[in-house]
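Numbering (my numbering), first residue to last: 5 to 249. Working notes, beginning with the structure itself.
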């Protein structure tokens with residue numbers, strides 16, 4: 005492992021739920037996976053620190069167990085048995101047999117199993133509607149505290165954890181009262197993320213988060229204002245004027 009940017013705090017305990025962005029490449033540089041471009045939501049994907057019971061990408065799960073919050077690192081998978089094995093993968097992502105792999109990984113945030121006993125991804129499927137929203141709200145409030153302290157990247161990690169409880173599959177099952185309750189938590193999270201991203205200069209992702217809000221609430225003043233600021237910073241004068249008028 006080659007650390008590109010040091011993280012903060014401690015590495016996650018085994019079986020912690022980790023939110024990461026990563027780009028996976030073959031040894032010759034060909035990209036096989038880019039989690040940001042493959043996901044229209046641009047949200048981190050979830051891995052379990054130290055999980056060695058999966059058939060593929062064991063090395064990636066083992067590697068994130070050594071990463072701190074905010075850390076960026078290059079992970080080298082030299083032994084194919086820790087990647088896609090001697091058979092490779094003929095579905096997505098396509099990986100030739102016996103391939104060595106390289107991953108550029110960013111640890112956004114992690115939650116230890118002891119933070120919430122049933123937070124493992126498999127167990128999370130069975131969470132009640134109310135439990136999901138309560139946990140999402142707790143993460144949002146933790147993010148707000150970090151934002152107030154000027155710790156914007158750490159705040160983004162908490163907001164990403166909040167959204168992980170309200171993923172696309174979950175939201176698609178909701179309607180009426182339940183959908184409204186979920187949006188009452190989810191939309192402020194997107195707005196808070198945009199506020200952080202404006203602070204750190206990540207204007208494109210700020211635009212995305214504001215647009216997510218405006219898809220549901222087209223007249224949301226905060227979303228229009230923050231998207232307008234981000235567009236102005238990127239020199240998108242016409243779009244910025246439309247948002248800020």
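From the three backbone atoms N, C-alpha and C, an ideal C-beta is built for every residue, glycine too.
- What does a CB cutoff of less than 8 Å around residue 85 pick up in its chain, not counting 5 residues either side in sequence? For the purposes of this step, residue 85 is taken as residue 81 along the chain shown, with counting starting at 1. Counting only residues of its own chain and dropping the five nearest sequence neighbours on each side, residue 85 has a CB closer than 8 Å to the CB of 62.
- Item | Pairwise C-alpha distance: residue 36 and residue 82 | Numbered from its first residue, the chain shown carries residue 82 at position 78. Numbered from its first residue, the chain shown carries residue 36 at position 32. So the two alpha carbons sit approximately 16 Å from each other.
- Burial state of residue 6, where buried means 16 or more other Cβ atoms lie within 10 Å: Within the chain shown, the letter at position 2 stands for residue 6. So residue 6 ends up on the exposed side.
- Query: Distance, Cα to Cα, residue 96 vs residue 249?
  - Reply: Numbered from its first residue, the chain shown carries residue 96 at position 92. Numbered from its first residue, the chain shown carries residue 249 at position 245. Taking C-alpha positions only, residue 96 is separated from residue 249 by approximately 44 Å.
- Message: Tell me which residue opens and which closes the alpha helix (DSSP H) that residue 162 is part of.
- Response: Taking the chain shown and counting its residues from 1, one reaches residue 162 at position 158. Here the alpha helix (DSSP H) through residue 162 covers 156-168.
- Message: On the DSSP letters alone, give me the boundaries of the alpha helix (DSSP H) that residue 149 sits inside.
- Response: Along the chain shown, one-based indexing puts residue 149 at 145. Run containing residue 149: 133-152, per the alpha helix (DSSP H) assignment.
- Flag this pair as yes or no: are the beta carbons of residue 144 and residue 192 separated by less than 8 Å? By one-based count along the chain shown, residue 144 stands at place 140. By one-based count along the chain shown, residue 192 stands at place 188. For residue 144 and residue 192, yes; Cβs fall inside 8 Å.
- Distance, residue 226 Cα to residue 21 Cα: Translated into positions along the chain shown, residue 21 becomes position 17. Translated into positions along the chain shown, residue 226 becomes position 222. Taking the straight line joining both Cα atoms gives about 31 Å.
- C-alpha distance - residue 233 paired with residue 17, whole-angstrom precision: The residue you call residue 233 lines up with position 229 of the chain shown. The residue you call residue 17 lines up with position 13 of the chain shown. Going by the C-alpha atoms only, they are around 39 Å apart.
- Task: Return helix, strand or coil for residue 201, following the three-state DSSP convention.
- Result: Position 197 of the chain shown, counting from 1, holds the residue named residue 201. Correct three-state label for residue 201: helix.
- For residue 235, name the three-state secondary structure that DSSP assigns. Taking the first residue of the chain shown as 1, we reach residue 235 at position 231. Looking at residue 235 - three-state DSSP - the assignment turns out to be helix.
- Message: Taking the alpha carbon of residue 161 as the reference point, which residue from 176, 139, 138, 114 has its own alpha carbon closest?
- Response: Along the chain shown, one-based indexing puts residue 161 at 157. Residue 161 has its Cα closest to that of 114, out of 176, 139, 138, 114.
- Message: Taking only three categories from DSSP, how would you classify residue 229?
- Response: In the chain shown, residue 229 corresponds to position 225, counting from 1. Helix.
- Message: Taking the beta carbon of residue 59 as the centre, do at least 16 other beta carbons fall within 10 Å, making it buried, or is it exposed?
- Response: Locating residue 59 in the chain shown gives position 55, where the first residue counts as 1. Exposed: under 16 other Cβ atoms inside 10 Å.
- Task: Check the DSSP bridge columns for residue 3 and list the partner residues they point to.
- Result: The requested residue 3 does not occur in the structure, where the chain is confined to residues 5 to 249.
- If you run the structure through DSSP and keep just helix, strand and coil, what is residue 17? Numbered from 1 along the chain shown, position 13 holds the residue referred to as residue 17. DSSP places residue 17 in coil when its eight states are reduced to three.
- Item | Terminal residues of the alpha helix (DSSP H) in which residue 207 lies | Position 203 of the chain shown, counting from 1, holds the residue named residue 207. Element bounds for residue 207: 207-220.
- Item | Opening and closing residue of the alpha helix (DSSP H) in which residue 67 lies | As a first step, residue 67 is located in the chain shown; it is residue number 63 there, counting from the start. First-last of the alpha helix (DSSP H) with residue 67: 62-68.
- Item | Contact belief for residue 39 with residue 52 at Cβ below 8 Å, rounded distance in angstroms | The residue you call residue 39 lines up with position 35 of the chain shown. The residue you call residue 52 lines up with position 48 of the chain shown. Contact between residue 39 and residue 52 is ruled out by a C-beta separation of about 15 Å, above the 8 Å threshold.
- Where do the N-terminal and C-terminal ends of the alpha helix (DSSP H) with residue 246 fall, by residue? Within the chain shown, numbered from 1, the residue matching residue 246 stands at position 242. Per DSSP, residue 246 belongs to the alpha helix (DSSP H) from 241-248.
- Rounded straight-line distance, which links the Cα of residue 213 to that of residue 127: Here residue 127 refers to the residue found at position 123 when the chain shown is read from its first residue. Here residue 213 refers to the residue found at position 209 when the chain shown is read from its first residue. At residue 127, the pLDDT of 47 sits below 50, so the modelled position is not reliable and the matter cannot be decided from this model.
- Supposed close pair residue 196, residue 147 - CB separation, criterion 8 Å: Residue 196 sits at position 192 when you count from the first residue of the chain shown. Residue 147 sits at position 143 when you count from the first residue of the chain shown. With a Cβ gap of about 6 Å, residue 196 and residue 147 count as contacting.
- May I ask which residues mark the beginning and end of the beta strand (DSSP E) holding residue 75? Taking the first residue of the chain shown as 1, we reach residue 75 at position 71. Residue 75 -> no beta strand (DSSP E), and no H or E assigned at all.
- Task: With DSSP collapsed to three states, give me the class of residue 171.
- Result: Looking up residue 171 in the chain shown gives position 167. In the structure shown, residue 171 sits in coil (DSSP, three-state: anything other than H, G, I, E or B).
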